[in-house]
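In my numbering, the protein residues as written are 5 to 312. The next block holds one structure in the form of structure tokens; read it before the comments.
Written out as structure tokens, the structure reads:
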């Protein structure tokens, strides 16, 4: 016997925040145009790479917006989970691009450190301040939904990195203006790269774990197995798998060995209810979507493949 008689929605309860993303995307594109013009006028590497970073983030926000729209589509016979995983794919792509940008900035910054060029520091500070203002507005817009899913986390992270880059540009402009030390521009460019990398790697690893169907963070498979074995009439459990479709949507499947009489006295439906309640209420991340195959002892001998 597999499954249970309770229906579950595949929606994972996370608002896609399309409006927030659209506003942030518009602001980010405007900031990119202004900073690109500023980098051409001032000759600043930091401002140029900050504008390149902003363009990358605009692409990331565009992907996030598309993913947010896809996440709202219903499930079909072909895509039984709908497009719930679109947020994971979008966040993975954003993180990968940000990682590449950060590495390029570091390499180019080192080169400029040894070959500095003249910088129009006053104009550099003005355009950096314009970028920071746009970043702050975008952060305020996105802050209400930043913890709702991977997609919004990636979008908020990208804008936050932009804001830090704008602050760094302003600081470099001030150093150049007051001291004439042109290498400050290259150092700030490298600092922008360093700011990008740690958070980006963390997000990339998290989303890759989802795509590899690793056990979700906050769930311990041994503890889940122990709870299932603690249910009355359960004699064993194997082929236990827990993965994550999207943010807030863990799924569990398991083969559960139960007493033979459960199949003859009509107790099997109650067993399914007990198992579902067991995995839904005892862990930090509640598993609302679970599928159990109930089987008598010895049934494993008729199954093919690995068991664990």
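The beta-carbon is built from N, C-alpha and C at its ideal position, and this holds for glycine as well. Keep in mind it's a predicted model, so treat the numbers as computed, not measured.
When the options are compared against residue i, the one with the closest alpha-carbon
i: residue 109; options: 260, 198, 252 and 291; result: 198
i: residue 113; options: 133, 51, 69 and 68; result: 51
i: residue 127; options: 106, 177 and 121; result: 177
i: residue 76; options: 82, 31, 252 and 91; result: 91
i: residue 45; options: 219, 183, 123 and 135; result: 123
i: residue 40; options: 247, 100 and 134; result: 134
i: residue 223; options: 38, 246, 234 and 207; result: 246
i: residue 84; options: 36, 249, 184 and 107; result: 249
i: residue 38; options: 106, 190, 132 and 101; result: 132
i: residue 256; options: 42, 34 and 229; result: 229
i: residue 191; options: 115, 213, 148 and 125; result: 115
i: residue 184; options: 125, 82 and 35; result: 125
i: residue 274; options: 30, 296 and 287; result: 296
Alpha-carbon to alpha-carbon, residue j and residue i
i: residue 96; j: residue 263; result: 45 angstroms
i: residue 237; j: residue 225; result: 20 angstroms
i: residue 313; j: residue 111; result: The question about residue 313 has no answer here: the residues shown for the chain are numbered 5 through 312.
i: residue 174; j: residue 25; result: 26 angstroms
i: residue 282; j: residue 232; result: 7 angstroms
i: residue 215; j: residue 59; result: 26 angstroms
i: residue 171; j: residue 49; result: 15 angstroms
i: residue 293; j: residue 130; result: 53 angstroms
i: residue 87; j: residue 298; result: 30 angstroms
i: residue 188; j: residue 53; result: 14 angstroms
i: residue 276; j: residue 80; result: 26 angstroms
i: residue 136; j: residue 78; result: 38 angstroms
i: residue 61; j: residue 32; result: 8 angstroms
i: residue 290; j: residue 182; result: 57 angstroms
i: residue 266; j: residue 239; result: 12 angstroms
i: residue 204; j: residue 279; result: 38 angstroms
i: residue 211; j: residue 200; result: 17 angstroms
i: residue 258; j: residue 36; result: 50 angstroms
i: residue 169; j: residue 106; result: 11 angstroms
With 16 other Cβ atoms within 10 Å as the buried cut-off, status of residue i
i: residue 209; result: exposed
i: residue 118; result: exposed
i: residue 104; result: exposed
i: residue 244; result: buried
i: residue 241; result: buried
i: residue 254; result: buried
i: residue 57; result: buried
i: residue 138; result: buried
i: residue 269; result: exposed
i: residue 218; result: exposed
i: residue 4; result: Residue 4 is absent from the structure shown; the chain starts at 5 and stops at 312.
i: residue 227; result: exposed
i: residue 55; result: buried
i: residue 161; result: buried
i: residue 220; result: buried
Cutoff 7 angstroms; reference residue i; Cβ partners in own chain excluding five residues on either side
i: residue 28; result: 65, 142, 145, 146, 159 and 163
i: residue 67; result: 94, 97 and 98
i: residue 22; result: 69, 72 and 73
i: residue 167; result: 136, 139, 140 and 143
i: residue 43; result: 51, 52 and 55
i: residue 89; result: 249 and 250
Bounding residues of the alpha helix (DSSP H) (the contiguous stretch that carries residue i)
i: residue 259; result: Per DSSP, residue 259 belongs to no alpha helix (DSSP H); it is in the beta strand (DSSP E), 253-262.
i: residue 277; result: 272-285
i: residue 227; result: 225-233
i: residue 267; result: From DSSP, residue 267 is part of no alpha helix (DSSP H); its letter is neither H nor E.
i: residue 299; result: Run containing residue 299: none in the alpha helix (DSSP H); it sits in the beta strand (DSSP E), 293-299.
i: residue 189; result: 187-215
i: residue 142; result: 125-147
i: residue 47; result: Unbroken run through residue 47: none, as it is neither H nor E.
i: residue 79; result: Taken as a continuous stretch (DSSP letters only), residue 79 belongs to no alpha helix (DSSP H), as it is neither H nor E.
i: residue 118; result: 90-118
Same chain only: Cβ atoms within 6 angstroms of residue i, ignoring 5 sequence neighbours per side
i: residue 300; result: 264
i: residue 121; result: 47
i: residue 194; result: 110 and 113
Proximity test, residue i beta-carbon vs the ligand SAM heavy atom, cut-off 7 angstroms
i: residue 234; result: Although the ligand SAM was asked about, the structure shown includes no ligands whatsoever.
Start-to-end residues for the beta strand (DSSP E) that takes in residue i
i: residue 249; result: 238-250
Own chain, CB closer than 8 angstroms to residue i, minus 5 neighbours either side, in chain order
i: residue 186; result: 120, 121, 122, 123 and 180
i: residue 271; result: 237 and 265
i: residue 34; result: 138
Interface flag, residue i vs chain D, CB-CB below 8 angstroms
i: residue 227; result: Annotation note: the requested chain D is absent from the structure, which comprises a single protein chain.
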